[in-house]
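Chemist:
Residue numbers (our numbering): 1161 to 1343.
1) Identify whether residue 1162 lies in helix, strand or coil by the three-state DSSP scheme.
2) Tell me the rounded alpha-carbon separation between residue 1232 and residue 1291.
3) By how many angstroms is the C-alpha of residue 1331 removed from the C-alpha of residue 1262?
4) Quick check on residue 1183: does DSSP put it in helix, strand or coil?
5) Once the 5 residues before and after residue 1280 are set aside, which same chain residues still bring their CB inside 7 Å of it?
6) Rounded to a whole number of angstroms, what is the C-alpha to C-alpha distance between residue 1257 and residue 1172?
7) Excluding five sequence neighbours on each side, which residues of the same chain lie with their C-beta closer than 6 Å to the C-beta of residue 1269?
8) For residue 1302, I'd like the list of residues in its chain whose CB is within less than 6 Å of its CB, leaving aside the five on either flank, ordered along the chain.
9) Helix or strand or just coil, what does DSSP make of residue 1344?
10) Report the three-state DSSP secondary structure of residue 1338 (helix, strand or coil).
11) Could you say which of 1221, 1251, 1162 and 1237 lies nearest to residue 1177 if we only look at CA atoms?
12) Pick out whichever of 1204, 1299, 1277 and 1226 has its Cα sitting closest to the Cα of residue 1242.
13) Do you know how far the Cα of residue 1236 is from the Cα of residue 1300?
14) Helix, strand or coil: how does DSSP classify residue 1289 here?
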């Protein structure tokens, strides 16, 4: 590859990385806002359809319960926002021309860990949320739901894969540094 084409590729990578860093910034703000809008506008029929799936439905959704559900959902959104912070950091490093440094590795590792945390969070979130939503129901009509879906499994696997890739990148970076200082 010629120097001219390498420089053109670096410029394209920088331009695209800046755009993705901007998207990450917007999503960091947008995700919690969308969570809040969801819980503040959700009506009882939608709540029963989304969470009760044909079992004993919820008969009321008072403001305090809406607030608890919002708080629980914001806790689950935290690993996603944290992952976006790491991803934005990675794209900013790429935009600055840093491709395989220690900070790149840390950002990639952090993003992978955030995805894994999100998967674990979902596993805990679903039963707690179902129980919380149905807590106002009479005894015998309260619901707890446990399950693993494809999105949860994908987040866990992708998080693990990204952490291994970051580990390999870090080892390659160390080897490269050692070779640079060898005469």
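Cβ coordinates follow ideal geometry from the N, Cα and C atoms, glycine included.
Modeler: Taking the geometry as given:
1) The answer is coil: DSSP assigns residue 1162 none of H, G, I, E or B.
2) Going by the C-alpha atoms only, they are around 12 Å apart.
3) About 10 Å.
4) Judged by DSSP in its simplified three-state form, residue 1183 adopts helix.
5) Around residue 1280, the same chain offers no residue with a beta carbon nearer than 7 Å, after the five sequence neighbours per side are excluded.
6) Distance between the alpha carbons of residue 1257 and residue 1172: 11 Å.
7) In its chain, beyond the 5 residues on either side, 1323 and 1326 have a beta carbon closer than 6 Å to the beta carbon of residue 1269.
8) Counting only Cβ-Cβ distances below 6 Å, and skipping sequence neighbours, we find 1294.
9) Only positions 1161 to 1343 of the chain appear in this structure, which leaves residue 1344 out of reach.
10) Correct three-state label for residue 1338: helix.
11) Answer by Cα proximity: 1251.
12) Taking only the C-alpha atoms, the option nearest residue 1242 is 1277.
13) When rounded, the distance between both Cα atoms is 28 Å.
14) Here DSSP, grouped into helix, strand and coil, assigns residue 1289 to helix.
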